[in-house]
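Residue numbers for the sequence shown, in the working numbering: 10 to 616.
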Amino acid sequence: MSFIESIKDILNKAVADCFPGSGQAFECQVAPCQDRQFGDYQSNLAFLLAKREKTGPREIAGAVVESVRKEAKGTDFKSVPGIPANLSPAIIESIEIAGPGFINIRLKDTALLSELARTLADPRCGVERTARPQRIVVDYSSPNLAKDLHVGTMRSTVIGDSIARVLEFLGHEVLRQNHYGDWGANFGVLVAMIKQEYDSGLGGLEAAPLEAVEELYARGSALKASSGEFARRAAEEVNNLQAGNPESLAVWQALTDKTLHACHSLYWEFNVSLDASHDCPESFYRDDLPGVISELSEKGLLVEDNNALCAYLDGFLNVDGDPLPVIVQKSDAGYNYSTTDLAGIRHRVGRLGAQQIIIVTDRGQELHFRMIRALAQKAGWLPDSVPLRHLGYGVILQEIRDNGQTRKARFRTRSGGTVKIRELLAEGRRRSEALTLDRNPDIGAEELDGIVGKLTIAALKYADLKQRPESDYTFNWDQMLANQGNTGIYILYCYVRIASLFRKAGLDLAGAGPDALAITHELERELLLQVVSFPELFSGYEEELSSHNICSYLYELAGCYSRFWKDCPILTADDEVRHSRLVLSRAVAARLELGLSLLGIEVVERM
Ligand code: ARG
10 MSFIESIKDI
20 LNKAVADCFP
30 GSGQAFECQV
40 APCQDRQFGD
50 YQSNLAFLLA
60 KREKTGPREI
70 AGAVVESVRK
80 EAKGTDFKSV
90 PGIPANLSPA
100 IIESIEIAGP
110 GFINIRLKDT
120 ALLSELARTL
130 ADPRCGVERT
140 ARPQRIVVDY
150 SSPNLAKDLH
160 VGTMRSTVIG
170 DSIARVLEFL
180 GHEVLRQNHY
190 GDWGANFGVL
200 VAMIKQEYDS
210 GLGGLEAAPL
220 EAVEELYARG
230 SALKASSGEF
240 ARRAAEEVNN
250 LQAGNPESLA
260 VWQALTDKTL
270 HACHSLYWEF
280 NVSLDASHDC
290 PESFYRDDLP
300 GVISELSEKG
310 LLVEDNNALC
320 AYLDGFLNVD
330 GDPLPVIVQK
340 SDAGYNYSTT
350 DLAGIRHRVG
360 RLGAQQIIIV
370 TDRGQELHFR
380 MIRALAQKAG
390 WLPDSVPLRH
400 LGYGVILQEI
410 RDNGQTRKAR
420 FRTRSGGTVK
430 IRELLAEGRR
440 RSEALTLDRN
450 PDIGAEELDG
460 IVGKLTIAAL
470 KYADLKQRPE
480 SDYTFNWDQM
490 LANQGNTGIY
500 ILYCYVRIAS
510 LFRKAGLDLA
520 GAGPDALAIT
530 HELERELLLQ
540 VVSFPELFSG
550 YEEELSSHNI
560 CSYLYELAGC
570 YSRFWKDCPI
580 LTADDEVRHS
590 RLVLSRAVAA
600 RLELGLSLLG
610 IEVVERM
């Protein structure tokens, strides 16, 4: 149990004792104190309870404070190695009323130190596994294969990967699913184009660069718009694929193999925990699609509308107030994105036994998923007990300066095209190489290469993850690679500082033991409190999927460390103090490393 949970427990008990009427079902709110000089944690319980009790908040706070003090009195704090310190009011040093009725609590140094000692060798840094593990599908990255991966997909990839890592860390069984788009109209166009232009066989296509596929698709779409003859052939190829025509399927297979290979190598380079075993693309469901339609129709959920099959659901209207359909089979008999998503839900719940499904895409698909959810529930494929959660993220912007004015626009290449992840990584590497060489002119080529890759990933992922996913963010290389401010590089820099400290002290990071710890400086205490509060980060994670909170925590921790570093000499301090400070530094490094790894970022020893 984290300190914050323990304090809630202690306060809840006191409230129940003092106010048996309204106190029974009451849940206290506790938060870290904004200004740490007033205490470590604060509760506003008195204000909430005042309404129910019809008493002033200060009186309520007074009663609760007295009750906790009485409990804490005489219970001497004793640390028991290996057992959490935070079990009784004995962890509380002081509890005070502030202002109109806030309750401020300060913990005993010994309680904090004993928690530090207890978790020092713990690879989980004190974070417990969930008591209710679930099987959770996380559907992320899921690019459309007709083109190279671009920045839009990058957000799904980075955000989804962090969610999958954290849920797994918390003890859930995570089924990663890469529901990439490799089926439907786009592929009809591509197969028709390939047949037309690569008639000498698929060897030419295999050797062609990935750009050739994109270029082929662009020309194909233009052709489809201008030539009825080509449009007819493209539609025919969609039908060929759906009907399992071997020749069309062979072309399609060569095409998807090629783009998929590029996709997997990018995941590897970008430290994304997706590989071929997580592939579960749209085409995976092709044999299920007719069954999806027949089941929906047996359940009386479909109507025919201009030759297309549609479902109408209560409460979904378009801008004119007319009912909005979910189209599940188009007038040309083709299936679409909705059909595959329904098949996906049926498969994930029915065959995979998912207890929760999380899908990460751009914000624009919010309505689609609300309608799919409603339809799947009506069809009986999605029981109420299984949440289908769509996490919609915002767009990436860039600042554009023209005529002395700056404005924000979607992030694009200079020529107005979509930015590819591959190109971003290359650019990031160029920039971080220059910065690293500047700081370490004598570094060897191999070490440089490793560092540069990790810095690039840290900069890109952290910039994406540090805000709430639904917000837009502005892409800016200089900002994300800065070693000041809330950046991945700043956090890595803090880790590097500690690593070099340990190199200087001739210890490895695992070296300093937990015994005989002491606090001798207020900044040490501030840092210690931040260190031992690490588990608090995860208490609401499952509900909020809040990787951005991990970033805020790391940023604060690194900030605390840098203040400590400035004012608290380590290697030159007396033996006992030196030991405590090394232990504390090591604990900081462990939280930085673990926290970053949950964001998909690896640490470096030097930069
Ligand atoms: N391919 C889609 C896109 O690029 C995302 C797919 C997300 N997953 C899903 N089950 N629909 O927008």
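Ideal Cβ placement from N, Cα and C applies to all residues, glycine included. In this text the structure is predicted, and so the values were computed from the model without any measurement.
Taken through DSSP and simplified to helix, strand or coil, L333 comes out as strand.
If you draw a straight line from the Cα of D371 to the Cα of H287, it comes to about 20 Å. Following the DSSP letters along the chain, one finds A567 inside the alpha helix (DSSP H) bounded by residues S556 to D576.
Per DSSP, reduced to three states, the secondary structure at T496 is coil, with no helix or strand assignment. The segment 162-182 and the segment 308-316 do not touch, with fewer than 3 CB-CB distances between them shorter than 8 Å.
Here E313 is bridged, per DSSP, to L318.
The beta carbon of L275 lies closer than 7 Å to those of L158, I430 and R431 in the same chain, with the five residues before and after it left out.
Taking a cut-off of 8 Å for Cβ pairs, the segment 380-399 and the segment 353-371 touch, as three or more such pairs fall below it.
Going by C-alpha positions, L603 is about 11 Å away from A596.
Counting only residues of its own chain and dropping the five nearest sequence neighbours on each side, Y294 has a CB closer than 6 Å to the CB of T349 and A352. By the Cβ-count criterion, V222 is buried, with 16 or more other Cβ atoms from all chains shown falling within 10 Å of its own Cβ. Each residue's CA atom was taken as its position, placing S31 and V183 some 40 Å apart. As DSSP reads the structure, L406 sits in a beta bridge with R419 and T483.
Secondary structure note for L116: its beta strand (DSSP E) is the uninterrupted segment F111 to L116.
The Cβ atoms of R174 and S282 lie closer than 8 Å to each other.
L384 places its beta carbon 8 Å or farther from that of Y344. By alpha-carbon distance to C289, the top candidate from A259, F47, V301 and D191 is D191.
With a cut-off of 7 Å, the C-beta of N153 is classified as near the ligand ARG, since at least one heavy atom of the ligand falls inside that distance. Looking at the DSSP output, G413 sits in no beta bridge, so it has no partner there.
With a cut-off of 8 Å on Cβ pairs, the segment 121-139 is in contact with the segment 538-553, counting three or more such pairs. For I172, the CB stays at least 7 Å from every heavy atom of the ligand ARG. A heavy atom of the ligand ARG is found nearer than 7 Å to the CB of D148.
Beta-bridge pairing by DSSP links G462 to no other residue. With a beta-carbon spacing of about 4 Å, G229 and M202 fall inside the 8 Å limit used to define contacts. With a threshold of 16 other beta carbon atoms within 10 Å, W261 meets it and is buried. In this structure, I452 has its beta carbon at no less than 7 Å from each heavy atom of the ligand ARG. With contacts defined by Cβ atoms closer than 8 Å, Y502 and N495 do not form a contacting pair.
Of the heavy atoms belonging to the ligand ARG, at least one sits nearer than 7 Å to the Cβ of H188. In the structure shown, I16 adopts helical secondary structure according to DSSP, grouped into three states. Around the beta carbon of E408, a 10 Å sphere encloses fewer than 16 other beta carbons of the protein chains shown; the residue is thus reported as exposed. When the beta-carbon positions are compared, G169 and S150 come within less than 8 Å of each other. Taking C-beta separations shorter than 7 Å and ignoring five residues to either side along the sequence, the partners of R61 in its chain run S31, following chain order.
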